[in-house]
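J.: For reference, the structure I am asking about is given below.
Numbering (UniProt numbering), first residue to last: 1 to 514.
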C-alpha cells in the first residue's frame, strides 16, 4: 500500500514547526499545511468524492496548491493539474476528458482572471459537480463569482485530522495533460509509485544541506515543478519559497532574503538571471548560498551555462524527462563529470536506449529515438488504449526525441522526431493550434511550426493559406489567436502563402517551413 501523501504526512510528523511554505509575509509550517490538507480531504469525502475520482486544480505557485494537491491524494482521489493560462474552451475539455468531479480554482487577477475563466469552463463541462474558488484575499467573505463556493467557507467545520485512504503503488495519483504531437491533449496517468520513486531518485541527484530552501519558480501544475521541486522539497523537509510569476529581479531579491540554496528552472529563467543587471552585493550573497542549480524543459544554451557559472559560481546540472516519465529519466549526476550539451546518464532504476521507427534497437552512437523503461514510465494515457499501445511496447516508452550517445553512455538530444514546440519551457502542440486556426473564416489551410527565438527557445509560427478573397491581416489573426489560446500557445508570427510545400501524398513538409 502506498499513498503519495506520505510525503507531507511524514514531514509534518518529523518537523511540524519548520517553515514548509513561504509566500510574501506568510510563513506556513508543515503542521499547518498538513492540517489544511486533511480538511480538504474531509471536504471532498463530505461532498461524495470517492477513491479514484478525479479532482482538478487550477492555481499558480501559491500555498493553496500543495495543500489541495495532498488533500486530494489523502482522500484517495486523483489530482488533475490545469495550466492557469487555459481558456474556457480548454478548461471545459480537460474537465470533461478527465471525468473531473470537482475543480479548485484560484480567483486570479484583473490581468489573469483565472477564476472567471475556470468557472466558465466548469459550466461548459459535463459531470463536474463542484467548483471551489480560492480567493486572492483571505479577507474575502463573499464569492466574487456567482455560483462559486468560497474555499475557506467550504472548509469551515471540517476536521483537521484525516486518515489517508490506502492506495496501491500502481493506483493513479495524477493525470497530467500532454498531447504528444497530435490531436487533443491526452492525460498521462502517473501512479503513486511513479511519482514517489521519481522524487526519491531526484532527491539523490540534488546536493543536500542541513536545511534546504528551494525557490519555487517552476509552475507546480507542470511535472518538472511538481516532482523536482515540490515533492523533492517536501521529501527532504525543505522550505519552499513560492513565486507565482518569475521575474529576475524579484527572484534575486528572494534568493538573497531567504538564503536560497536550491534552484530549478528552464533555460529562459537562467537567461533572464544572466542578463539581469544584478547588484554586486546580491551576486555575492547568491554565490555564498546557492549550492544546486538544475535545468530542464528545453536545451540549455552553452553560453548561458558558462555565463551562470561565471556570475554565480554554480554549475547547472541538466536533465531530461517528459510528463509521461514522471519526469526525470536522465541527469548529469553530481558524482560524475558534467558534459555540456548532454542530458546526462539514465537515473537509478531507469533504462534508456535508442530505437528506429520499427522499435529496433540502434547500437552505438546513433542517432536514434530515445526509448525509456523503468519505475518512472506512466501507466498509459487515460481512456486512450490505442494511443497507449502506440507509445509503450514491452514496457518501453518511445519519446519522439532523437539523440546520440557517446562511449560513456551520456545522451545528447539532437532533434525531435515529433513536431512539438517548446516555447519558454512549455509544450505547444501544432495540430491543436492548426485545427482551431482553421475554424477562423479567413483560414483555408494552416501549418504551425516552431522557429528559433533568442529568449524563448522557440516561437510559434503559423503559415496560412487564406480563404479566397479574404483580406484579414496577420495582426488581426494574431489578435484572434490570442483570444483562443493560452498565452504561451497562440502564434505570434503569421505568414500568408499561396501554397504550402507538400509530399506527393499531400502531407505538409514542415521541415521545409522551418
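Quick reminder that beta carbons are idealized off the backbone N, C-alpha and C, glycines included.
Name the two residues that bound the continuous alpha helix (DSSP H) containing residue 430.
T.: Position 430 of the chain shown, counting from 1, holds the residue named residue 430. It spans 430-437 - the alpha helix (DSSP H) in which residue 430 sits, taken as one unbroken run.
J.: Looking at the C-beta of residue 37, does it have a partner C-beta in chain B at a distance below 8 angstroms?
T.: The structure shown has no chain B; it contains just one protein chain.
J.: Assign residue 262 to one of three DSSP states: helix, strand, or coil.
T.: Here residue 262 refers to the residue found at position 262 of the chain shown. Residue state, collapsed to three classes: strand.
J.: May I ask you to verify whether the region 243-256 touches the region 270-278, counting CB pairs closer than 8 angstroms and requiring at least 3?
T.: The answer is yes - the region 270-278 touches the region 243-256, with three or more Cβ pairs under 8 angstroms.
J.: Considering only the beta carbon of each residue, do residue 231 and residue 260 sit closer than 8 angstroms?
T.: Counted from its first residue, the chain shown places residue 231 at position 231. Counted from its first residue, the chain shown places residue 260 at position 260. No, the Cβ-Cβ distance between residue 231 and residue 260 is not below 8 angstroms.
J.: Can you tell me which of the three DSSP states residue 13 falls into?
T.: For the purposes of this step, residue 13 is taken as the residue at position 13 of the chain shown. In the structure shown, residue 13 sits in a helix (DSSP, three-state: H, G or I).
J.: Enumerate in chain order the residues of its own chain whose CB-to-CB distance from residue 436 is below 6 angstroms, with the five nearest sequence positions on each side excluded.
T.: Position 436 of the chain shown, counted from the first residue, corresponds to residue 436. 484.
J.: Does the beta-carbon of residue 509 have 16 or more other beta-carbons within 10 angstroms, so that it is buried, or is it exposed?
T.: The residue you call residue 509 lines up with position 509 of the chain shown. Classification for residue 509: exposed.
J.: Ends of the beta strand (DSSP E) at residue 408?
T.: Reading the chain shown from its first residue, position 408 is the one you call residue 408. Here residue 408 belongs to no beta strand (DSSP E), and DSSP marks it neither H nor E.
J.: Quick one: is residue 321 buried, meaning 16 or more other Cβ sit within 10 Å of its Cβ, or exposed?
T.: To locate residue 321, count along the chain shown from 1; it is residue 321. Counting Cβ neighbours within 10 Å, residue 321 comes out buried, since at least 16 surround it.
J.: Can you tell me the Cα-Cα spacing of residue 490 and residue 81, whole angstroms?
T.: In the chain shown, counting from the first residue as 1, residue 490 sits at position 490. In the chain shown, counting from the first residue as 1, residue 81 sits at position 81. Computed Cα separation, rounded: 21 angstroms.
J.: Work out the CA separation of residue 119 and residue 16 for me, nearest whole Å.
T.: Counted from its first residue, the chain shown places residue 16 at position 16. Counted from its first residue, the chain shown places residue 119 at position 119. Looking at the two C-alpha atoms, the distance is approximately 35 angstroms.
J.: Spatial neighbours of residue 258 within its chain, please: C-beta separation below 8 angstroms, excluding the five flanking residues on both sides.
T.: As a first step, residue 258 must be located in the chain shown, where it is residue number 258. Here the set comprises 22, 213, 215, 239 and 241.
J.: Give me the residue from 229, 205 and 236 with the minimum Cα distance to residue 335.
T.: Taking the first residue of the chain shown as 1, we reach residue 335 at position 335. Closest option to residue 335, Cα to Cα, is 205.
J.: Measure how close the beta-carbons of residue 556 and residue 496 come, nearest whole angstrom, since I'm counting them as under 8 angstroms.
T.: This structure gives no information on residue 556, because the portion of the chain shown stretches from 1 to 514.
J.: On the DSSP bridge list, what partners appear for residue 89?
T.: Looking up residue 89 in the chain shown gives position 89. Paired residue(s): none; residue 89 is not in a bridge.
J.: Any idea what DSSP makes of residue 361, helix, strand or coil?
T.: On the chain shown, position 361 is the one that residue 361 refers to. It is a strand residue.
J.: How many angstroms separate the CA atom of residue 439 from the CA atom of residue 6?
T.: For the purposes of this step, residue 439 is taken as residue 439 along the chain shown, with counting starting at 1. For the purposes of this step, residue 6 is taken as residue 6 along the chain shown, with counting starting at 1. Using only the alpha carbons, I get a separation of about 47 angstroms.
J.: Within the continuous alpha helix (DSSP H) that includes residue 456, where are the two ends?
T.: Taking the chain shown and counting its residues from 1, the one referred to as residue 456 is at position 456. Taken as a continuous stretch (DSSP letters only), residue 456 belongs to no alpha helix (DSSP H), as it is neither H nor E.
J.: Please state the DSSP three-state secondary structure of residue 192.
T.: For the purposes of this step, residue 192 is taken as the residue at position 192 of the chain shown. DSSP places residue 192 in helix when its eight states are reduced to three.
J.: What number of angstroms, rounded off, separates the C-alpha of residue 309 from the C-alpha of residue 285?
T.: Looking up residue 309 in the chain shown gives position 309. Looking up residue 285 in the chain shown gives position 285. Rounded to whole angstroms, residue 309 to residue 285 spans 15 angstroms at the Cα level.
J.: For the region 144-218, which segments carrying the beta strand (DSSP E) assignment without a break, of at least 3 residues, lie completely within its bounds, in sequence order?
T.: Complete beta strand (DSSP E) runs here, min 3: 172-178, 186-191 and 213-216.
J.: According to DSSP, is residue 31 helix, strand or coil?
T.: Reading the chain shown from its first residue, position 31 is the one you call residue 31. Three-state result, residue 31: helix.
J.: Secondary structure at residue 228, three-state DSSP: helix, strand or coil?
T.: Taking the first residue of the chain shown as 1, we reach residue 228 at position 228. Three-state result, residue 228: helix.
J.: Identify the residues that DSSP records as bridge partners of residue 239: which are they?
T.: Taking the first residue of the chain shown as position 1, residue 239 is located at position 239. Residue 239 is bridged to 213.
J.: With DSSP as the reference, please indicate the residues paired to residue 51 in a beta bridge.
T.: To locate residue 51, count along the chain shown from 1; it is residue 51. Residue 51 pairs with nothing; no bridge assigned.
J.: For the candidate residues 38, 429 and 392, whose alpha-carbon lies nearest to that of residue 156?
T.: For this step, residue 156 is matched to residue 156 along the chain shown. When each option's Cα is compared against that of residue 156, the closest is 38.
J.: DSSP state of residue 369, grouped into three classes?
T.: Here residue 369 refers to the residue found at position 369 when the chain shown is read from its first residue. If DSSP states are grouped into helix, strand and coil, residue 369 belongs with the strands.
J.: Check whether the Cβ atoms of residue 268 and residue 424 sit closer than 8 angstroms, and answer yes or no.
T.: To locate residue 268, count along the chain shown from 1; it is residue 268. To locate residue 424, count along the chain shown from 1; it is residue 424. Against a cut-off of 8 angstroms, the Cβ pair of residue 424 and residue 268 comes out as a contact.
J.: Along the chain, where does the beta strand (DSSP E) that runs through residue 319 open and close?
T.: Residue numbering aside, residue 319 sits at position 319 when the chain shown is read from its first letter. Its beta strand (DSSP E) spans residues 316-321.
J.: On the CB-based measure, 16 or more other CB atoms within 10 Å of its CB, does residue 180 come out buried or exposed?
T.: Position 180 of the chain shown, counted from the start, is the residue given in the question as residue 180. Since pLDDT at residue 180 reaches only 46, below the 50 mark, its modelled position is unreliable, and the value read off the structure follows with that caveat. Burial call: buried.
J.: Buried or exposed: which applies to residue 159, given that a residue is buried once 16 or more other Cβ atoms fall within 10 Å of its Cβ?
T.: What you label residue 159 is simply residue 159 of the chain shown in a count that begins at 1. That one is exposed.
J.: Under DSSP, the beta strand (DSSP E) around residue 499 begins and ends at which residues?
T.: As a position in the chain shown, residue 499 is number 499, starting the count at 1. Premise fails: residue 499 is in no beta strand (DSSP E) and is neither H nor E.
J.: Out of curiosity, what's the CA-to-CA distance linking residue 103 and residue 388?
T.: Residue 103 sits at position 103 when you count from the first residue of the chain shown. Residue 388 sits at position 388 when you count from the first residue of the chain shown. So the alpha carbons of these two residues sit roughly 26 angstroms apart.
J.: Looking only at its chain, what residues have a beta carbon closer than 7 angstroms to the beta carbon of residue 171, apart from the 5 residues adjacent to it on each side?
T.: For this step, residue 171 is matched to residue 171 along the chain shown. So the list reads 191 and 192, once near-sequence residues are dropped.
J.: Can you grab the Cα-Cα spacing for the pair residue 401 / residue 325, in whole Å?
T.: To locate residue 401, count along the chain shown from 1; it is residue 401. To locate residue 325, count along the chain shown from 1; it is residue 325. Whole-angstrom Cα-Cα distance: 13 angstroms.
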